[in-house]
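Student: Read in order, the letters of the sequence shown are residues 0 to 62 in numbering that gives the first Met the number 0.
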Amino acid sequence: MINKETLIYDALRQKPGCEKIFLEFGMHCLGCPVSRGENIGQAAEAHGIDLDKLLKALEDFKS
0 MINKETLIYD ALRQKPGCEK IFLEFGMHCL GCPVSRGENI GQAAEAHGID LDKLLKALED
60 FKS
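(1) Is the separation between the beta-carbon of A56 and that of I20 shorter than 7 Å?
(2) Helix, strand or coil, according to DSSP, for L29 in the structure here?
(3) Taking all protein chains shown into account, decide if C17 is buried (16 or more other Cβ within 10 angstroms of its Cβ) or exposed.
(4) Quick one: Cα of I48 to Cα of A42, how far?
(5) Is the beta carbon of L50 closer than 7 Å to that of K14?
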């Protein structure tokens, strides 16, 4: 299950192809070394993204 505490890196591994969701939300830092240690909640806050909408989109994504 992906939630706000899930590391971006782990979300990408759990749901192959979900990087397009992050990109659609303006999170273009997926290759950044920080993404391996930053959770989705921290990244959403840093980028000014609605966390609930991002989590819903990730939840609904089918790889």
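Yeah, the Cβ is synthetic: ideal placement off N, Cα and C, and Gly gets one too.
Tutor: Reading from the atomic positions:
(1) yes
(2) coil
(3) buried
(4) 8 Å
(5) Taking 7 Å as the Cβ cut-off, K14 and L50 do not qualify as a contacting pair.
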